[in-house]
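Residue 4 is where the sequence shown starts when you use full-length UniProt numbering, and the numbers rise one by one after that.
Ideal placement from N, C-alpha and C gives every residue a C-beta, glycine not left out.
Below: the structure, in structure tokens.
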Amino acid sequence: KLSKRLQWIADWVPEGSRLADIGSDHALLPVYLAKHKRISFAVAGEVNQGPFEAARRQVQGACMEMTVNVRHGDGLSVVKQGEVDCITIAGMGGSLIATILSADPKKLEGVTRLILQPNVGEDIVRRWLREQGWALVQEHILEEDGKIYEVLLAERLADRQLLEEHNERLYETRQLPCGIALTEDWLFLMGPLLSLNPSSVFVQKWEHELGKWERVLRTMEQAETEEARERRTAFAKKQAEMERIV
Ligand code: SAM
């Protein structure tokens, strides 16, 4: 049985996919999908020796070698161009996810779906998707074992015009009833779809974040230089906005 987080990702993998799970660790996700005959083929990529071996053991133990190919290497270097049509990258920071996806654009040709679960830096992933011409089509936020996770689903839209319209609508500034404008920057941070219908987990996450920002502000107040004061004023303004949004 998968964790709630991995199950959510698994459910977004289209039936019959040729999948690359990058940073697969124990290869739990591709093995689960292969066992349930949900994918036709998977590459489980791992850059580190320990997790690579754990993935190999997992695949052998489940007798899934015919479907899941465990490969040792950095990011998308383990897949051949055109080999997969769906990529999952979960459980790492947003900037690492963006670096992996940017390393070799040719590897993304033929890929129609990305399922990404950054542990931090979700805004970096959303910005990357927007800049690289992907459409963010679904977002989910969930809580498991006291941690909060966001899962992002992005697709390629063949029609450029449709894609532009979709992304413009997604990140268009929204006027909140409290009078605050939810600008593109806030939408990258909080999620344009998550913030549309805020769930209790979403509110819990941002109340917690607000607490962290307040503590940062208190620390900044102790700094004496002019530059520190300027930075503090800018941060305080953002923090006050967030307080009203949350
Ligand atoms: N994807 C699994 C999950 O969500 O449960 C495992 C997440 S684990 C916290 C992150 C894994 O990514 C580690 O096993 C690490 O070795 C691997 N990793 C980190 N950087 C990587 C890279 N550049 N290429 C491939 N794997 C990487």
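Give a yes or no on contact between the stretch 55-63 and the stretch 88-95, applying the rule of three or more CB pairs nearer than 8 angstroms. No, the stretch 55-63 does not touch the stretch 88-95.
When you compare the stretch 105-115 with the stretch 139-151, are there three or more beta-carbon pairs, one atom per stretch, that lie closer than 8 angstroms? Contact between the stretch 105-115 and the stretch 139-151 is absent, because fewer than three Cβ pairs lie under 8 angstroms.
What alpha helix (DSSP H) runs, 4 residues minimum, are completely inside the stretch 70-150? Listed in chain order, they are 97-105 and 125-134.
Starting from E68, trace the beta strand (DSSP E) in both directions and tell me its first and last residue. As a position in the sequence shown, residue 68 is number 65, starting the count at 1. No beta strand (DSSP E) contains E68, which DSSP labels as neither H nor E.
For L197, which residues of its own chain have a beta-carbon under 6 angstroms away from its beta-carbon, when the five flanking residues on both sides are left out? The count along the sequence shown starts at 1 and reaches residue 197 at position 194. Here the set comprises E142, I144 and F205.
Curious, which full-length beta strand (DSSP E) runs of at least 3 residues does the stretch 178-224 contain? Complete beta strand (DSSP E) runs here, min 3: none at all.
Straight-line Cα distance separating D188 from residue 3: Residue 3 lies beyond the residue range present for the chain, which begins at 4 and ends at 249; the question has no answer from this structure.
Ends of the beta strand (DSSP E) at E49? Here residue 49 refers to the residue found at position 46 when the sequence shown is read from its first residue. First-last of the beta strand (DSSP E) with E49: I42 to E49.
If I follow the unbroken beta strand (DSSP E) through A30, where does it start and stop? Position 27 of the sequence shown, counting from 1, holds the residue named residue 30. Counting along the chain, A30 falls outside any beta strand (DSSP E), and DSSP gives it neither H nor E.
Measuring from the CB of E49, is there a heavy atom of ligand 1 at a distance below 6 angstroms? Looking up residue 49 in the sequence shown gives position 46. The answer is yes for E49.
What are the boundary residues of the alpha helix (DSSP H) that includes D14? For the purposes of this step, residue 14 is identified with residue 11 of the sequence shown, where counting begins at 1. For D14, the uninterrupted alpha helix (DSSP H) segment begins and ends at K7 to D14.
Chain-order list of residues whose beta-carbon lies under 8 angstroms from that of E68 (same chain, five-residue window excluded): Position 65 of the sequence shown, counted from the first residue, corresponds to residue 68. Cβ neighbours of E68 beyond the five flanking positions: V62.
Straight-line Cα distance separating I42 from V50: On the sequence shown, residue 50 is found 47 positions in, with the first residue counted as 1. On the sequence shown, residue 42 is found 39 positions in, with the first residue counted as 1. For V50 and I42, the distance between alpha carbons rounds to 23 angstroms.
Got a sec, what are the start and stop residues for the alpha helix (DSSP H) L22 sits in? In the sequence shown, counting from the first residue as 1, residue 22 sits at position 19. Bounds of any alpha helix (DSSP H) do not take in L22; it lies within the beta strand (DSSP E) bounded by S20 to I25.
Grouping DSSP H, G and I as helix and E and B as strand, with all else coil, what is E158? Reading the sequence shown from its first residue, position 155 is the one you call residue 158. Residue state, collapsed to three classes: strand.
Residue interval of the alpha helix (DSSP H) (run including H169): Position 166 of the sequence shown, counting from 1, holds the residue named residue 169. First-last of the alpha helix (DSSP H) with H169: R163 to L173.
Expressed to the nearest angstrom, what Euclidean distance is found between the alpha-carbon atoms of A19 and N72? For this step, residue 19 is matched to residue 16 along the sequence shown. For this step, residue 72 is matched to residue 69 along the sequence shown. The sequence given here has Gly at residue 19, not Ala. Cα to Cα, the separation comes out at about 16 angstroms.
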